[in-house]
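Worksheet: one structure, shown below.
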Ligand SMILES: [Zn+2]
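Chains as they are written, first to last, in this note's numbering: chain A, 63 to 432; chain B, 5 to 226.
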């Protein structure tokens, strides 16, 4: 550890959805990843209720910060910066985290970095597999997002290649789980049933995979409807619904499209690394199929452990540490929570520190195909 | 003693510093949608105006509402986190009590019993009755003005909620919003008197809007 002392020590706060996450990292080393989740309070509503999440963040924040510092064994005065998810996410939920981060940074006299949730999902892999290759192709899939992103420098250049045009992949899992009466959240339970089912039992549609369709965009709405109709037809005919086969075939349709498009994007852009993040990256079939297809294509796959794929504070700290390491401008004290922060803004630099955006752009374009 | 007081439970973003004897610096801005952006710069300004720094503060006082939740949480989260970082106590004060205290300062309530009402949106008010500017006699509640007309009849009232509904509150007066200066003075007075202040936990008074979904929507055409 002694030789790592010069790497930035950063605390990160994440509250964009229903997890109150506080992480501590030193450079690319994970020191603490404390989480308080309100998921149980949302279960009976079949989805995340923003006001319930925001109330839970307020209650959980201080204890979670304390837990993270204890786990990391560091003193707040030794921190080099405080990072926080500035967006995208649920507006009211983000605001709790941003308020806490600002107050903490101000009180400790540390720089504040408002960072992008999506870029954080990519950067977290540094804690697992070391510095990100440049460029990196990233497939981010969760209940809130499904995007294919290309980054040459995670602190300054994140370029959207494609995204879902309707539902997020995780949302489709939740909806099908609901049709099957399997509860919320749907991802883990469908994964479990699918392991005992036949993925080829039912040929569900692969959205946006026609020759004229956008190469890297996703659509899961048609699939969701097709699966629901298939189940309803069975029920209407008085037959049992084969939950295992439906789960396996539905899941296969999702991960087939995700991995096919991600690998294609890598090949088209000449990128030899693919990282997968977000809650759906915990899906065992997605991991297996991605591994298989990446190996066949000569692409190195990087997927962090499941706990780092779902929303957490360590990912925010990881990106914050990178911001410090690369001398990016801190945010101002009037930093806002921006529920629709564009994916192209890895962080929100303060006006008083000069606009680093032009500079960022220039670095990005220059390095991308180098 | 150096108390930092803040309140974001009404459209006002308000900060004050109190040395145990008097308010030494204060700030108030009214912008219901920018609590998150305005609060920290206001704290910074107030400290600078008083020529001091945050680590000189010995306690944090925060308005616990009732108030529209999103804004209310900004003040509470900020106060909680200051308390954690500085290792100082954080005291809660009911925002309506702060307004009642401010009413006396502005000498609008005339010394007798009165009502404080703030805007709870959705055509409702947060309100409570006071026998004088330091003594609340009802629990804070949230109601439609017409439903409480009997309970507030004949009493003068202060706050934006009163000014907004003249049918229920014909004798309505300023101040519209709470001020952290009043909140700080009230807290200093109570602390000096050995009164225990409530924990800095929000008074939401309403349950979150959330519906347990009925069965999923059938997609097969009938
Ligand atoms: Zn996420």
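Here a beta-carbon is modelled for each residue, glycine too, at the ideal position from N, C-alpha and C.
*asked:* Taking the alpha helix (DSSP H) that residue 154(A) belongs to, which residues open and close that run?
replied: 153–170
*Would you please verify whether the beta carbon of residue 101(A) is less than 8 angstroms from any beta carbon of chain B?*
no
*Once you ignore the five residues that flank residue 40(B) on each side, which residues in its own chain have a CB closer than 6 angstroms to its CB?*
78
*asked:* Across the stretch 345–364 of chain A and the stretch 169–181 of chain A, are there enough close Cβ pairs to call them in contact, namely three or more that are closer than 8 angstroms?
replied: no
*Tell me, please, whether the stretch 164–173 of chain B touches the stretch 146–154 of chain B by the rule of three or more beta-carbon pairs shorter than 8 angstroms.*
yes
*Please check the pair residue 51(B) and residue 58(B), which I expect to be a contact at CB under 8 angstroms, by giving their CB distance rounded to whole angstroms.*
6 angstroms
*Could you tell me whether any non-hydrogen atom of ligand 1 is closer than 7 angstroms to the CB of residue 409(A)?*
no
*Ends of the alpha helix (DSSP H) at residue 313(A)?*
305–331
*Would you kindly report the start and end of the unbroken beta strand (DSSP E) that includes residue 413(A)?*
Per DSSP, residue 413(A) belongs to no beta strand (DSSP E) and is neither H nor E.
_residue 89(B) to residue 389(A) span [Cα, whole Å]_ = 25 angstroms
*CB contact check: residue 78(B) to chain A, cutoff 8 angstroms*: yes
*Taking the alpha carbon of residue 222(A) as the point to measure from, which residue in 269(A), 84(A), 280(A) has its own alpha carbon closest?*
280(A)
_8 angstroms Cβ cutoff, residue 261(B) in contact with chain A_ = As shown, chain B starts at 5 and ends at 226. That puts residue 261(B) outside it, with no answer to give.
*Counting only the same chain and skipping the five closest in sequence on each side, list residues whose C-beta sits under 7 angstroms from that of residue 157(A).*
399
*residue 340(A) and residue 211(A): beta carbons closer than 8 angstroms?*
no
*Cβ of residue 204(A) within 7 angstroms of any heavy atom in ligand 1?*
yes
*Distance, residue 185(B) Cα to residue 178(B) Cα*: 16 angstroms
*Report the residue from 303(A), 276(A), 278(A) whose alpha carbon sits nearest the alpha carbon of residue 289(A).*
303(A)
*Are the beta-carbon atoms of residue 334(A) and residue 300(A) separated by less than 8 angstroms?*
no
_Collapsed DSSP secondary structure at residue 23(B) in the structure displayed_ = coil
*asked:* I'd like to check one pair, residue 119(B) with residue 64(B): are the Cβ atoms closer than 8 angstroms?
replied: no
*Tell me, to the nearest whole angstrom, how far the beta carbon of residue 163(A) is from that of residue 136(A); I am working on the premise that it is less than 8 angstroms.*
With a Cβ gap of about 17 angstroms, residue 163(A) and residue 136(A) do not count as contacting.
*Mind pulling the chain A residues with CB within less than 7 angstroms of residue 40(B)?*
157, 160, 161, 398, 399
_Taking 7 angstroms as the cut-off, is the C-beta of residue 340(A) nearer than that to any heavy atom in ligand 1?_
yes
_Alpha carbon of residue 98(A) to alpha carbon of residue 174(B), nearest angstrom_ = 48 angstroms
*asked:* Below 8 angstroms on C-beta distance, what does residue 154(A) contact in chain B?
replied: 73, 74, 77
*Under 8 angstroms, do residue 100(A) and residue 87(A) count as touching if we go by C-beta distance?*
no
*Quick one: is residue 315(A) near chain B, going by C-beta distance under 8 angstroms?*
no
*When burial is assigned at 16 or more other CB atoms within 10 Å of the CB, is residue 273(A) buried or exposed?*
exposed
*Other residues of its chain near residue 135(B): CB distance less than 6 angstroms, five sequence neighbours each side excluded*: 117, 141
*Which whole-angstrom value describes the C-beta separation of residue 69(B) and residue 99(B), a residue pair presumed to lie in contact below a C-beta threshold of 8 angstroms?*
5 angstroms
*Would you decide whether residue 202(B) is buried or exposed? Buried here means 16 or more other CB atoms lie within 10 Å of its CB.*
exposed
*Use the C-beta contact count for residue 80(A): other C-beta atoms within 10 angstroms, 16 or more gives buried, fewer gives exposed.*
buried
*asked:* As a quick exercise: from 193(B), 67(B), 53(B), pick the residue whose alpha carbon is nearest that of residue 183(B).
replied: 67(B)
*Can we count residue 373(A) as close to ligand 1, meaning its CB is less than 7 angstroms from some heavy atom?*
yes
*Does at least one heavy atom of ligand 1 sit under 7 angstroms from the Cβ of residue 183(A)?*
yes
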